[in-house]
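Student:
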Amino acid sequence: MEDNLNAVPVPAGEAPLALSQPQIRELLARNWIKAQPSLKAFIIASTPQFSDAEDLLQEVAAEVALRFDDYDPSRPFLPWALWVAKIKIADFYRLKQRRQVVFLEESIDALAAACVRAQETLTEERRALDRCLAKLTERSRKLLHMRYFEDLPPQQIGIILGMASQSVRVSLSRIRTALSECVLHVIGSTTVSDG
Amino acid sequence: MDDKEVLELLDAHLDHEVLTAEQAERLRAWLLERPEHADQAFRRIVVHGFLREGLQYAALPAPVGGELRDEPNLESQLLRGELITIGVGDRADFDKQRRWLSLPWLFVVSIAICLCGAASWLEFNAMFVPSAPAGGLWAYEGFDYPPTSPPAPLGDGNKWPTSGGMQGLAGGSGWAEPWQETAAKVSILIADVQANAWRASDMRKFGPLGYSDAQGHVLKSMGIQLRTAAGPTSATSRKLDVSAFPSNFADEHGLGRDGAVLWMSFLAQSFDGRGLGNFSYVQLGTDSAGFRVGKLAAVPSGNWSACGTLDGAEVNVRWSDTPSGQPVLIVTRITFRPGDEEADIWINPRLEVEPVTNAATLHISLPDFRWNQVSIRSRYTTDFDEIRFGGSFRDVTPVH
Numbered sequence: 001m002e003d004n005l006n007a008v009p010v011p012a013g014e015a016p017l018a019l020s021q022p023q024i025r026e027l028l029a030r031n032w033i034k035a036q037p038s039l040k041a042f043i044i045a046s047t048p049q050f051s052d053a054e055d056l057l058q059e060v061a062a063e064v065a066l067r068f069d070d071y072d073p074s075r076p077f078l079p080w081a082l083w084v085a086k087i088k089i090a091d092f093y094r095l096k097q098r099r100q101v102v103f104l105e106e107s108i109d110a111l112a113a114a115c116v117r118a119q120e121t122l123t124e125e126r127r128a129l130d131r132c133l134a135k136l137t138e139r140s141r142k143l144l145h146m147r148y149f150e151d152l153p154p155q156q157i158g159i160i161l162g163m164a165s166q167s168v169r170v171s172l173s174r175i176r177t178a179l180s181e182c183v184l185h186v187i188g189s190t191t192v193s194d195g
Numbered sequence: 196m197d198d199k200e201v202l203e204l205l206d207a208h209l210d211h212e213v214l215t216a217e218q219a220e221r222l223r224a225w226l227l228e229r230p231e232h233a234d235q236a237f238r239r240i241v242v243h244g245f246l247r248e249g250l251q252y253a254a255l256p257a258p259v260g261g262e263l264r265d266e267p268n269l270e271s272q273l274l275r276g277e278l279i280t281i282g283v284g285d286r287a288d289f290d291k292q293r294r295w296l297s298l299p300w301l302f303v304v305s306i307a308i309c310l311c312g313a314a315s316w317l318e319f320n321a322m323f324v325p326s327a328p329a330g331g332l333w334a335y336e337g338f339d340y341p342p343t344s345p346p347a348p349l350g351d352g353n354k355w356p357t358s359g360g361m362q363g364l365a366g367g368s369g370w371a372e373p374w375q376e377t378a379a380k381v382s383i384l385i386a387d388v389q390a391n392a393w394r395a396s397d398m399r400k401f402g403p404l405g406y407s408d409a410q411g412h413v414l415k416s417m418g419i420q421l422r423t424a425a426g427p428t429s430a431t432s433r434k435l436d437v438s439a440f441p442s443n444f445a446d447e448h449g450l451g452r453d454g455a456v457l458w459m460s461f462l463a464q465s466f467d468g469r470g471l472g473n474f475s476y477v478q479l480g481t482d483s484a485g486f487r488v489g490k491l492a493a494v495p496s497g498n499w500s501a502c503g504t505l506d507g508a509e510v511n512v513r514w515s516d517t518p519s520g521q522p523v524l525i526v527t528r529i530t531f532r533p534g535d536e537e538a539d540i541w542i543n544p545r546l547e548v549e550p551v552t553n554a555a556t557l558h559i560s561l562p563d564f565r566w567n568q569v570s571i572r573s574r575y576t577t578d579f580d581e582i583r584f585g586g587s588f589r590d591v592t593p594v595h
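So this is what it looks like as structure tokens:
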């Protein structure tokens, strides 16, 4: 794991592009806007507590801005930003004196690679998800509202609805599966016709 | 172990459940087995993130029919695994959409739209624009209500009020409904900015929001101001009374008929200038199509900025050199046109005469949109005051 974190992306071996300060600021902003949804999803995988993930995203943003002079603009931004994110995630767990989520320790690079692969379609997926959400049943909508708007864990939702927390967990999982399939359905039919 | 079981484990992790060592190992092994598995897991996490992002402010989009099927009894559905299914109608529907996305067609259609848009705009100009725009102050909110009592505890976002706030308050003019709070935390009303400094470094403690230009003209403003929540998140919204606007300002879809020109102004100051994921902005319209001005999450500097919204994303983001920790008067002129709209934003303009377009701090194109609602959304405590909508610069910047 440490090896991965220290594996700074290899410099291009070319003289960095000479950019003025306003150009650098603009480049940072444009790159950040594009990469932010992917980075956020990556961070959520590591720290599912939303408030932690949102704080961590800000930490990553600050670090990205601080280190931006080191970024080689001739290379893709997202892998470099993911490298920064991995460092901040490790710092986060170290400071909290918690162990990083066990399954992530060795698979974080696989998820980072998936993050890069998914980047180009995220906007389309977001749009598709909005459409799929409008097709949910009333009961599913209620569960999602409690989980995401009220930020309640399944156990608490179970207490409120008089259900076993396991049932809530399975329900949420099935809703997400249905939504994921619906999103793929939308995206997939678009891609197929792109032929 | 099949994909479904693994994804349930991942969901459990996303729902804050602690996985056993054996479950974590199964998940790890599955993730590393094939890149497709990592893709599948990442997409699952993306859905989770999008749901959080989309639902933390408000309700789900209105249902459009039972294509994801409902059943009356949740427990029995779970036993049968039939909670939700996708309707067969989707495929044909999607295929229909897809045909429009074929690239040559897209190019031709885009050119046609541009030409038609330009033609209709020229035609529109010739027919309607010479007539004098209707002036007047159409809507106003000075937040002149009693301060929130008791005041929010200082320095700890976890203790920020989660109810009350602006909910149900109905002052000002030109509004159709009272304010609504739709997020986990609420905006509050502040009278004494010094006593309510959030922390020692709070830049708002030096005085209430107000503005005077370099020539000594002073904007009319009164003391009480709105303060958005510290920590995630507040969303305070209110619908406008369309009838308070000139009749030729709206069409059947809402305010902003092609040819309408809207002036808007407000005072604002954030806790400090920090950016990078923090936001606090005024939004006209919806996440699907609208306009945002304020402190935007996508702007690393945290400076006052503006953008359009389109399909849930911030588009055409522009930022100024003015840090959001500084108090500002932001004046916006939106010209509603056939096709995309145009916005000019002046930060701290001179108040004696209408500023020229060339002097605008920001100039952006916005997606075509109609609106009838104002929202103030925030994830970084920020003060707003004196929101005005009118037909001219003078209408929205009255001076003493």
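Protein chains in written order, with our numbering: chain A, 1 to 195; chain B, 196 to 595.
Just so you know, even glycine gets a beta-carbon here, dropped at the ideal spot from N, CA and C.
These numbers come from a predicted model, not from an experiment.
In chain order, which continuous runs of the alpha helix (DSSP H) of length 4 or greater are located wholly inside the segment 103-184 of chain A?
Tutor: Listed in chain order, they are 104-118, 122-133, 138-144, 154-161.
Student: Which residues, in order along the segment 116-135 of chain A, keep a beta-carbon less than 8 Å from a beta-carbon of chain B?
Tutor: Those would be 117, 118, 122, 123, 125, 126, 127, 129, 130, 132, 133, 134, 135, in chain order.
Student: Considering only the beta carbon of each residue, do residue 584(B) and residue 457(B) sit closer than 8 Å?
Tutor: Yes.
Student: Is residue 430(B) helix, strand or coil by DSSP?
Tutor: Strand at residue 430(B).
Student: To the nearest angstrom, how far is it from the Cα of residue 459(B) to the Cα of residue 233(B)?
Tutor: Answer to the nearest angstrom: the Cα atoms are 47 Å apart.
Student: Have a look at residue 32(A) and residue 54(A) and give me their C-alpha separation to the nearest angstrom.
Tutor: About 15 Å.
Student: For residue 415(B), does the count of other Cβ atoms within 10 angstroms reach 16, so buried, or fall short, so exposed?
Tutor: It is exposed - the Cβ of residue 415(B) has fewer than 16 other Cβ atoms within 10 Å.
Student: Would you tell me roughly how many angstroms separate the C-alpha atoms of residue 355(B) and residue 380(B), rounded to the nearest one?
Tutor: Roughly 7 Å between the two C-alpha positions.
Student: Given this structure, state the Cα-to-Cα distance separating residue 574(B) from residue 472(B), to the nearest angstrom.
Tutor: Each residue's Cα considered, the two are about 9 Å apart.
Student: I'd like to know if residue 32(A) contacts chain B, where contact means its C-beta is closer than 8 Å to some C-beta of that chain.
Tutor: So, interface residue.
Student: Assuming the contact rule is C-beta atoms closer than 8 Å, residue 147(A) and residue 159(A) should be a hit. Round their C-beta distance to whole Å, please.
Tutor: No, residue 147(A) and residue 159(A) are not in contact; Cβ-Cβ is about 14 Å, not under 8 Å.
Student: Anyone know if the C-beta pair for residue 598(B) and residue 560(B) falls short of 8 Å?
Tutor: No answer is possible for residue 598(B): it lies beyond the span of chain B, which begins at 196 and ends at 595.
Student: Is residue 511(B) helix, strand or coil when you go by DSSP?
Tutor: Residue 511(B): strand per DSSP, three-state reduction.
Student: Does any CB atom of chain A fall closer than 8 Å to the CB of residue 473(B)?
Tutor: Yes - at least one Cβ of chain A is within 8 Å of the one on residue 473(B).
Student: Using a beta-carbon distance below 8 Å, is residue 540(B) in contact with chain A?
Tutor: Not one chain A Cβ lies under 8 Å of residue 540(B).
Student: Kindly give me the distance between the Cβ atoms of residue 145(A) and residue 250(B), rounded to whole angstroms, as I take these residues to be in contact under 8 Å.
Tutor: 7 Å between Cβ atoms; contact.
Student: DSSP three-state label for residue 487(B), please.
Tutor: Strand.
Student: With a cut-off of 8 Å, does the C-beta of residue 44(A) fall near any C-beta of chain B?
Tutor: Closer than 8 Å to some Cβ of chain B, the Cβ of residue 44(A) qualifies, so yes.
Student: Do we get a CB-CB distance below 8 Å when we pair residue 36(A) with the residues of chain B?
Tutor: Taking Cβ atoms only, chain B reaches closer than 8 Å to residue 36(A), which makes this a yes.
Student: Using the beta-carbon of each residue, which ones in chain B are nearer than 8 Å to residue 73(A)?
Tutor: Correct list: empty, because the minimum Cβ distance to chain B is about 15 Å.
Student: Taking a Cβ distance cut-off of 8 Å, strictly less, list which residues of the segment 140-157 of chain A are near chain B, in chain order.
Tutor: Within the segment 140-157 of chain A, the residues whose Cβ lies closer than 8 Å to some Cβ of chain B are 140, 141, 144, 145, 147, 148, 149, 150, 151, 153, 154, listed in chain order.
Student: Quick one: residues in its chain with C-beta nearer than 7 Å to the C-beta of residue 68(A), no 5 flanking neighbours on either side, listed in chain order?
Tutor: Taken in chain order, the residues that qualify are 24, 28.
Student: In chain order, which beta strand (DSSP E) runs of at least 3 residues are fully inside the segment 384-434 of chain B?
Tutor: Fully enclosed beta strand (DSSP E) runs of 3 or longer: 420-422, 429-434.
Student: Is the CB of residue 23(A) under 8 Å away from at least one CB in chain B?
Tutor: It does not: the Cβ of residue 23(A) has no partner Cβ on chain B nearer than 8 Å.
Student: Assign residue 278(B) to one of two classes, buried (16 or more other C-beta atoms within 10 Å of its C-beta) or exposed (fewer than that).
Tutor: Caution is warranted here: a pLDDT of 38 is assigned to residue 278(B), below 50, making its placement in the model unreliable, and no coordinate value can be reported.
Student: Mind checking if residue 57(A) is an interface residue toward chain B, Cβ cutoff 8 Å exclusive?
Tutor: Closer than 8 Å: yes.
Student: With burial defined as no fewer than 16 other Cβ atoms inside 10 Å of the residue's Cβ, what is the status of residue 243(B): buried or exposed?
Tutor: Classification for residue 243(B): buried.
Student: Please look up how many angstroms separate the CB atoms of residue 405(B) and residue 367(B), rounded, as I've assumed it's under 8 Å.
Tutor: Going by Cβ atoms, the distance from residue 405(B) to residue 367(B) rounds to 18 Å, so no, they are not a contact pair.
Student: Distance cutoff 8 Å, beta carbons only. Does residue 203(B) sit that close to anything in chain A?
Tutor: With 8 Å as the cut-off, residue 203(B) counts as an interface residue toward chain A.
Student: Less than 8 Å between the C-beta atoms of residue 482(B) and residue 517(B), yes or no?
Tutor: No, the pair does not count as a contact, with Cβ atoms beyond the cut-off.
Student: Check for me: the alpha helix (DSSP H) holding residue 32(A) runs from which residue to which?
Tutor: Start and end: 21-46.
Student: Measure the beta-carbon distance from residue 222(B) to residue 241(B) and round it to whole angstroms, keeping in mind my assumption that it falls under 8 Å.
Tutor: Their Cβ separation, rounded to whole angstroms, is 17 Å, which puts residue 222(B) and residue 241(B) out of contact at 8 Å.
Student: On the three-pair Cβ rule with 8 Å, is the segment 536-544 of chain B touching the segment 433-442 of chain B?
Tutor: At 8 Å Cβ cutoff, the stretches do not touch.
Student: Give me whichever residues DSSP pairs with residue 376(B) in a beta bridge.
Tutor: In DSSP, residue 376(B) forms a bridge with 431(B).
Student: Quick one: grab the DSSP three-state call for residue 198(B).
Tutor: Looking at residue 198(B) - three-state DSSP - the assignment turns out to be helix.
Student: Just checking: is the beta-carbon of residue 20(A) within a distance shorter than 8 Å of some beta-carbon in chain B?
Tutor: Not one chain B Cβ lies under 8 Å of residue 20(A).
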